[in-house]
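Just so we're aligned: 202 in numbering that gives the first Met the number 0 is position 203 of the sequence shown, and the numbers increase by one with no gaps anywhere.
In this text, a Cβ means the ideal position worked out from N, Cα and C, and glycines have one as well.
Note that the structure is a prediction, hence the values are computed from the model and not measured.
Heads up: the structure comes next, in structure tokens.
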Amino acid sequence: MTDKFYMQLALDKAWNYQGLTYPNPAVGAVVVQGGKILSIEAHQKAGTSHAEVLALLSAYENISGNKIDFDRFDSQLGHKFLLDLPQGFFSECSIYVTLEPCSHVGQTPSCASLLEVLHLSKVVIGTKDPIEGHGGGIDIVGRGVLSPTIKIGILEEACQALIEPFIIWQKRAFVLFKLAQTTNGRIATNSNEGYLSSKASLTHVHQLRVVCDTLLIGGNTVRVDKPTLDCRFTEGNAPHVKIYSKVDNFDREIPLFSIENRDVDVVNNLDFLEKPSFVLVEGGEGMLEALKEKIDWMLIYQTPKLSANTLTYNTTMNLQFLHTEKKDVDMMIWSKQIGH
């Protein structure tokens, strides 16, 4: 197998957690020994173990035949365990990681310093960390007495696309417009047709709601649908909501306004998008038109249904597909406007 093959496995795994790692980037890692894949892992949540640590812990289990007996998502425990292994334990292994290993110490220890000590045979990196002050990981990995072979830039363009949200939300709001539609392009179903999306897709949306800074919706959504917009499928905290509307004539008795520990604000401008943050948008044609120049990416949940409902998006956009994956019976499509 080629370096590109293993890097693609790391990329695909990282996409499973795109957005969910906010404010961290999505990162994937693969550990290989003698052509055998020992692990395929990805960073899953900010403040927990990074992709490299998870991949190395899984690789340890495959090599040794032993299961670790601690929380693998506790980064401090993970680093300590790996550093306490016999010297040279991973000396015949290669690791493929989509982003340059972190050099800095924050909520988690430095992965670059970990790889410096573990003496792997080869470290293959998709792309350098583009954030000023975050680089230097490659130099740390290579400064050990038994430094590994280091390769940089494997599937670099795809690895850079993976972390585009991370780059954007350093400067301003990353705006993700979520929509769900049937195979015949309907964005709603009739009352006797049940949920439009699968349970897996609904759960994924609620996971994104948990981590986003703001859930942005339009006034008509509130007036007509009277939504709750909670995170009941994940039992997480409901997101703070901003209602984009020129007129504040909303019924404060509907469920949207009754959830504890969240803010619901009515705004008549989009100035808040200048602040570094993650903004998830859920809305219809009106919101899509109003935000067309502000949307960075779109997340489409395509369900294998035909609906008699006539509601759809009557607009024109040319999209570039970035990544697709299955969510139960649905197809989830990450995309962006061409030329945006």
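Contacts around residue i, its chain only, beta-carbon distance under 8 Å, and the 5 residues preceding and following it disregarded
i	result
L201	Y194, F232
N15	A41, E324
Y91	According to the sequence displayed, residue 91 carries Glu and not Tyr. Taken in chain order, the residues that qualify are Q32, G33, S120.
D327	S197, K198, A199, S200
F320	I332, W333, S334
I67	L56, Y59, E60, F80
Residues of its chain near residue i, where Cβ-Cβ distance is below 7 Å and the 5 sequence neighbours each way are ignored
i	result
T47	F72, S74
G141	I149
Proximal residues to residue i (C-beta, below 6 Å), its chain only, five neighbours per side dropped
i	result
Q159	T126
Q43	Y16
W296	L175, K335
L37	V30, A58, N61
N23	A45
Check whether residue i and residue j have beta carbons under 7 Å apart
i	j	result
V30	A54	yes
V123	I153	yes
L279	K293	no
G184	G285	no
Y243	V266	yes
W168	P275	yes
G27	K3	no
Whole-Å CB distance - residue i paired with residue j, under 8 Å assumed
i	j	result
Q206	L81	Incorrect: roughly 28 Å between the Cβ atoms, too far for contact.
A111	G132	No, A111 and G132 are not in contact; Cβ-Cβ is about 14 Å, not under 8 Å.
K241	D264	5 Å
D229	I258	6 Å
Closest residue to residue i among the options (Cα-Cα distance)
i	options	result
A179	D295, S306, I299, R251	I299
Q86	H118, C110, C101	H118
G340	P275, N219, L113	Lying before the first or after the last residue shown, residue 340 is absent from the chain, which here runs from 0 to 339.
G134	G27, H103, S93	H103
L318	S93, V328, I332, Q336	Q336
P129	V140, A172, T107, L98	L98
L310	T181, F277, N236, H239	T181
I62	F88, H49, F256, E156	F88
V246	N219, L228, G235	N219
V116	P100, D262, S146	S146
M6	D68, S93, D83	S93
Ranges of the alpha helix (DSSP H) found wholly within the region 99-145, counting only runs of at least 4: 110-117, 136-140
Entirely enclosed beta strand (DSSP E) segments - the region 257-322, minimum 3 residues: 263-266, 276-281, 296-302
If you scan the region 141-221 from start to end, which runs of the beta strand (DSSP E) of 3 or more residues do you find wholly inside it? 148-151, 172-181, 213-217
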